[in-house]
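A.B. asks:
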Amino acid sequence: MMKKVLVIVGPTASGKTKLSLEIAKKFQAEIINGDSVQLYKGLDIGSAKVSVDEQKLIPHHLLDIFDPKELKTVYDYQKLAREKIEVIDLPLIVGGTGLYIQSTLFDYEFNEQKISVNLEELTNDELFEELIKLDPYIEIDRFNRRRLISALKLALNNDLRSKKQNKHKPLYDACIIYLDLERSMQEDIFRKRLDMQLEQGFIEEVEDLRKRGIHLNMIGYRELDQYLDGTISLEEAKEQIINKTKKLAKRQKTWFKNQMHVHMFDALAQDLFTHVQKQIEDFLKE
Numbered sequence: 015m016m017k018k019v020l021v022i023v024g025p026t027a028s029g030k031t032k033l034s035l036e037i038a039k040k041f042q043a044e045i046i047n048g049d050s051v052q053l054y055k056g057l058d059i060g061s062a063k064v065s066v067d068e069q070k071l072i073p074h075h076l077l078d079i080f081d082p083k084e085l086k087t088v089y090d091y092q093k094l095a096r097e098k099i100e101v102i103d104l105p106l107i108v109g110g111t112g113l114y115i116q117s118t119l120f121d122y123e124f125n126e127q128k129i130s131v132n133l134e135e136l137t138n139d140e141l142f143e144e145l146i147k148l149d150p151y152i153e154i155d156r157f158n159r160r161r162l163i164s165a166l167k168l169a170l171n172n173d174l175r176s177k178k179q180n181k182h183k184p185l186y187d188a189c190i191i192y193l194d195l196e197r198s199m200q201e202d203i204f205r206k207r208l209d210m211q212l213e214q215g216f217i218e219e220v221e222d223l224r225k226r227g228i229h230l231n232m233i234g235y236r237e238l239d240q241y242l243d244g245t246i247s248l249e250e251a252k253e254q255i256i257n258k259t260k261k262l263a264k265r266q267k268t269w270f271k272n273q274m275h276v277h278m279f280d281a282l283a284q285d286l287f288t289h290v291q292k293q294i295e296d297f298l299k300e
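Below, the structure is given as C-alpha cells:
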C-alpha cells in the first residue's frame, strides 16, 4: 500500500497558506514546502513565505534551508522532500512549483548526461527555448548569454529523463488540491498582494540581498533589482511583476491540469474549507 500524501497547489495569492494551516490542523498533518523560492533564507516577503508565528502553529519543513548564493536543483529538492515524506505520518505538500512537486511524487530519475550539443553555436533565442522546455518555471534574462548557457547546462545535467520513462508512475497515493483563481479576478488580487508586499518591505529585502552581492532572476526580485539600479521606474517594475505573475499563473494551471490528476476548487469560494475537507476525508478512507 502506497503512503498517502496531501498536496495543495495553486498560483500566488490563491490562499494556499491559509487553507494548508486549516487542513493541517484538522487532519494533524505536517507541512512540506513545495515552493522553490521559499527554500531560500532571506526571501520572505517576495515569496509570501509563511510567517514565523504561523510556523509555530503547525510543523513546517524545507523552509529557509539554503543560502540564496547556493545554486540548487530540482534533484536536491526531490531528495529532501522524499526523506521528509517517509518520516511524517501525514505529509502535506504546499506550493506552486509543479516540477518540484511532480518529481517528488512520481518515479523520476536524474541521470548525469554528457552535453552533446555545443551550446556556443546556439543563438540566445534557441538557448532560451531549450531551457524552458526543461524548466518551464525559470525566470531568466533571455539576453544574458552567459546566464543562459550556465542555466541550460545545469538543466541538461539534471534533466528529468529515466531510461524506463516512469514519470507517470506514482510513488505515493496523493490527493492533489488545486486552488483556482478565475482569470478575471487575478490582476486585482495580484496587485493587492504586491502592494502589501511593498508595504511590508519588499524593496528593503531586495536591497539586503544586493548588499550581499545577490541578484536574483525570480519574479519580483529581478524587477525591483532593476528599479534599484535605476534602469526602470517603480511603476514599470510593478507592471512587469504583475504581467509576469499572470503568465506564471497560466503556466501553473496548464502544468498541473496536464501533468497530474488534480481536484480543482474555486480559491475564492466561501465554503472552500468544507469542500476540501470532504475531499480529503473521502481520500483518507480509501
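Numbering of the sequence shown is given in my numbering, commencing with residue 15 and proceeding in unit increments.
No residue lacks a Cβ here, since even glycine has one placed at the ideal position from N, Cα and C.
1) Could you give the residue range of the alpha helix (DSSP H) that holds methionine 210?
2) Could you check the C-alpha separation between threonine 288 and phenylalanine 279 for me, to the nearest Å?
3) Write down the C-beta distance between threonine 259 and phenylalanine 204 rounded to the nearest angstrom, noting that I regard them as a contact closer than 8 Å.
4) Flag this pair as yes or no: are the beta carbons of tyrosine 235 and alanine 251 separated by less than 7 Å?
5) Would you list the one or two residues that DSSP bridges to alanine 188?
6) Skipping 5 residues on each side, what residues in its chain have a beta carbon closer than 8 Å to that of lysine 267?
7) Taking the C-alpha atoms as reference points, what is the distance between leucine 136 and tyrosine 91?
8) Could you give the DSSP three-state label for phenylalanine 270: helix, strand or coil?
9) On the three-state DSSP scale, how would you describe tyrosine 241?
10) Kindly indicate the opening and closing residues of the beta strand (DSSP E) around glycine 14.
11) Within the same chain, show all residues whose beta-carbon is closer than 8 Å to that of glutamate 134, passing over the 5 residues directly before and after it, in chain order.
12) Specify the secondary structure class of aspartate 285 as computed by DSSP and reduced to three states.
13) Which one or two residues does DSSP pair with histidine 275 in a beta bridge?
14) According to DSSP, is aspartate 280 helix, strand or coil?
15) With a 10 Å radius around its C-beta and 16 neighbouring C-beta atoms as the bar for buried, classify histidine 75 as buried or exposed.
C.D. replies: The structure says:
1) 197-214
2) Looking at the two C-alpha atoms, the distance is approximately 11 Å.
3) 5 Å
4) With respect to alanine 251, tyrosine 235 sits apart: the two C-beta atoms are not nearer than 7 Å.
5) Val19
6) Pro25, Tyr192 and Asp194
7) Leucine 136 and tyrosine 91: Cα-Cα distance of roughly 30 Å.
8) helix
9) Correct three-state label for tyrosine 241: helix.
10) Residue 14 lies beyond the residue range present for the chain, which begins at 15 and ends at 300; the question has no answer from this structure.
11) Excluding sequence positions up to five before and after glutamate 134, its CB lies within less than 8 Å of the CB of Ile163, all in the same chain and listed in chain order.
12) Coil at aspartate 285, not helix or strand.
13) According to DSSP, which records beta bridges pairwise, histidine 275 is partnered with nothing at all.
14) The answer is strand: DSSP assigns aspartate 280 an E or B state.
15) buried
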